[in-house]
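*Asks:*
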Amino acid sequence: METAFDEKYDDLQTRSDTSLSVIDTAYYRENNTLMIHVQNTGSATLDVASTQLLVDGVLTDSATFQIRGVTTSIWQPNEVLTIALTNPDIGFSSDVSVRMDGSNYKQLTTPTNITAGKKVYIIDGTAIDVFALDGTYEFTITDTVNTPAPRDVKIYGDYLYVMDDASHIDRFTLGGVWVNRIVYDVVNTPTPRAFAVDSSYIYVVDNYNHVDRFNRTTGTFVNRLIANGGTMTSPRDLSVGAYIFVIDRASSAYHIDRYTLAGTGGAMIVSSSRLSNPTDISASSAGLQDTYVYIVNNSRQILVVDESGTYQGSVDDGLSSSVRAVDATGKIFVLDGVNGLVTENLGTSIKVVAENGVSKIDML
Numbered sequence: 002m003e004t005a006f007d008e009k010y011d012d013l014q015t016r017s018d019t020s021l022s023v024i025d026t027a028y029y030r031e032n033n034t035l036m037i038h039v040q041n042t043g044s045a046t047l048d049v050a051s052t053q054l055l056v057d058g059v060l061t062d063s064a065t066f067q068i069r070g071v072t073t074s075i076w077q078p079n080e081v082l083t084i085a086l087t088n089p090d091i092g093f094s095s096d097v098s099v100r101m102d103g104s105n106y107k108q109l110t111t112p113t114n115i116t117a118g119k120k121v122y123i124i125d126g127t128a129i130d131v132f133a134l135d136g137t138y139e140f141t142i143t144d145t146v147n148t149p150a151p152r153d154v155k156i157y158g159d160y161l162y163v164m165d166d167a168s169h170i171d172r173f174t175l176g177g178v179w180v181n182r183i184v185y186d187v188v189n190t191p192t193p194r195a196f197a198v199d200s201s202y203i204y205v206v207d208n209y210n211h212v213d214r215f216n217r218t219t220g221t222f223v224n225r226l227i228a229n230g231g232t233m234t235s236p237r238d239l240s241v242g243a244y245i246f247v248i249d250r251a252s253s254a255y256h257i258d259r260y261t262l263a264g265t266g267g268a269m270i271v272s273s274s275r276l277s278n279p280t281d282i283s284a285s286s287a288g289l290q291d292t293y294v295y296i297v298n299n300s301r302q303i304l305v306v307d308e309s310g311t312y313q314g315s316v317d318d319g320l321s322s323s324v325r326a327v328d329a330t331g332k333i334f335v336l337d338g339v340n341g342l343v344t345e346n347l348g349t350s351i352k353v354v355a356e357n358g359v360s361k362i363d364m365l
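Start counting the sequence shown at 2; every next residue gets the next number (the numbering used here).
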């Protein structure tokens, strides 16, 4: 009896000495990977092999666990454990207890567009303000020589792509150093209005008329991917995931069209009855099990549909009547003219469990 009591006491003591703190949780679309950094904030040494990750209550068995880039069995106090999970089952949920994660208007003056990756980049007047994923302002990119009037911005891989004043697309390092003019084609695409990037191509809406495709590495014109006529009338914005999604305007009414990545099979998936002056669109990564499309609608909300156009819900927590842009990758990053950078949760729960059952929950 005494031995059993001692073992029970030791177990309780170990639990009381165990504490976890989630430093950050992020999803990266380029490699379709969920990354969680968890610190051992207790006094107990933990067994890495016994640590578990649950996504929306489902135990995962393919995550990797490393400390300082090394696979090890011992998780010492104060050390940070990096958990990586490829092909995670994350997505939008209409039923979430806490939707808004935070907001920050510091540094912003006249914000107009947004993109998110390892950091969040916001076009603000003639500059680009850079924020951490938690909304903390970090630095500003200004290049009055190459991009004096930025209009659209996208992240892919190690580069930031910036479209300048319906003229060209330049490439920067993620730290803001100008690299080159990647797209400048006065013959095929003289008036670029919006663009999207994937692993192979840069897709450009030209003069609200058609969509051209360029090689992402060389910037070489490939083809007129989607010509005017048929489904497409007056494209305003586009996003690329498992499909190409386009905000199109015809007869003074807006709709959302979907095309294959080859530019074929154009079909309307969201009609004008659901839309009111949509201005920006963002699609989930093609690598996710369930993909969604996020649309700035009526300057007041983010309309969410699945890839077939079926309504999933809307997001307006913490938003004003001046919503301008959206990018969804792990979180829903919304650019609001009044509240600045507003971060909304998708509604996916992330739970890390230590060997003795002590756990910590975060939310995407």
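Every residue gets a Cβ at the ideal spot worked out from N, C-alpha and C, and that includes glycine.
Pull up the distance between the alpha-carbon of N147 and that of F173, whole angstroms please.
*Replies:* 10 Å
*Asks:* So M36 and A50 are supposed to be a Cβ contact under 8 Å. How far apart are they, rounded?
*Replies:* Not really, about 20 Å apart at Cβ, beyond 8 Å.
*Asks:* Is R275 helix, strand or coil by DSSP?
*Replies:* helix
*Asks:* What number of angstroms, rounded off, separates the C-alpha of A167 from the C-alpha of R275?
*Replies:* 29 Å
*Asks:* With DSSP as the reference, please indicate the residues paired to I270 in a beta bridge.
*Replies:* Its beta-bridge partners do not exist; DSSP assigns none.
*Asks:* Counting only the same chain and skipping the five closest in sequence on each side, list residues whose C-beta sits under 8 Å from that of T145.
*Replies:* T127
*Asks:* Starting from A85, trace the beta strand (DSSP E) both ways and give me its first and last residue.
*Replies:* Its beta strand (DSSP E) spans residues 81-87.
*Asks:* Let me confirm a value: L60 is counted as buried when at least 16 other C-beta atoms fall within 10 Å, else exposed. Which label applies?
*Replies:* exposed
*Asks:* Secondary structure at T4, three-state DSSP: helix, strand or coil?
*Replies:* Per-residue confidence for T4 stands at a pLDDT of 47, beneath the threshold of 50, marking its modelled position as unreliable; no derived number is given.
*Asks:* Could you tell me the alpha carbon to alpha carbon distance between K361 and D18, rounded to whole angstroms?
*Replies:* 14 Å
*Asks:* Using CA coordinates, which residue listed in P112, S235, R182, I245 is at the minimum distance from L1?
*Replies:* Because the chain is modelled from 2 through 365, residue 1 falls outside the range shown and cannot be assessed.
*Asks:* DSSP three-state label for S360, please.
*Replies:* strand
*Asks:* Can you tell which of D165, S22, M269, A251 has the C-alpha that lies nearest to the C-alpha of R259?
*Replies:* M269
*Asks:* With a CB to CB cut of under 7 Å and the five nearest residues on each side skipped, what residues in its chain are close to N88?
*Replies:* Exclusion of the five residues before and after N88 leaves N33, G288 as the residues of its chain whose Cβ lies within less than 7 Å of its Cβ.
*Asks:* Could you tell me which residues DSSP pairs with R182 in its beta bridges?
*Replies:* D171
*Asks:* In chain order, which beta strand (DSSP E) runs of at least 3 residues are fully inside the stretch 229-273?
*Replies:* 236-241, 245-251, 254-260, 268-271
*Asks:* Ignoring anything shorter than 4 residues, give me the alpha helix (DSSP H) runs that lie fully in the stretch 37-86, in order along the chain.
*Replies:* Entirely contained in the stretch 37-86, not one alpha helix (DSSP H) run reaches 4 residues.
*Asks:* Give every residue of the same chain whose Cβ lies closer than 6 Å to the Cβ of D291, excluding the five residues on either side of it in the sequence, and list them in chain order.
*Replies:* G92
*Asks:* Whole angstroms are fine: how far does the CA of A329 sit from the CA of V163?
*Replies:* Looking at the backbone, the Cα of V163 and that of A329 are separated by about 18 Å.
*Asks:* Let me confirm a value: D7 is counted as buried when at least 16 other C-beta atoms fall within 10 Å, else exposed. Which label applies?
*Replies:* Summary for D7: the model assigns pLDDT 41, below 50, so the residue's position carries little reliability, and this model does not support an answer.
*Asks:* Under the assumption that Y157 contacts E31 (Cβ atoms under 8 Å), give the Cβ distance between them as a whole number of angstroms.
*Replies:* 6 Å
*Asks:* Since I believe Q313 is in contact with V306 (beta carbons under 8 Å), could you give me their beta-carbon distance rounded to a whole number of angstroms?
*Replies:* The pair is a contact, with the Cβ atoms about 6 Å apart (cut-off 8 Å).
*Asks:* Report yes or no: do the stretch 314-323 and the stretch 99-110 share at least 3 C-beta pairs separated by less than 8 Å?
*Replies:* Yes: at least three Cβ pairs fall under 8 Å.
*Asks:* Check for me: the beta strand (DSSP E) holding Q313 runs from which residue to which?
*Replies:* 312-316
*Asks:* Pick helix, strand or coil for I91, following the three-state DSSP scheme.
*Replies:* coil
*Asks:* What does the alpha-carbon distance come out to for the pair T265 and F215?
*Replies:* 17 Å
*Asks:* Once the 5 residues before and after R182 are set aside, which same chain residues still bring their CB inside 6 Å of it?
*Replies:* H169, D171
*Asks:* The beta strand (DSSP E) spanning D328 covers which residue range?
*Replies:* That run of the beta strand (DSSP E) goes 324-330.
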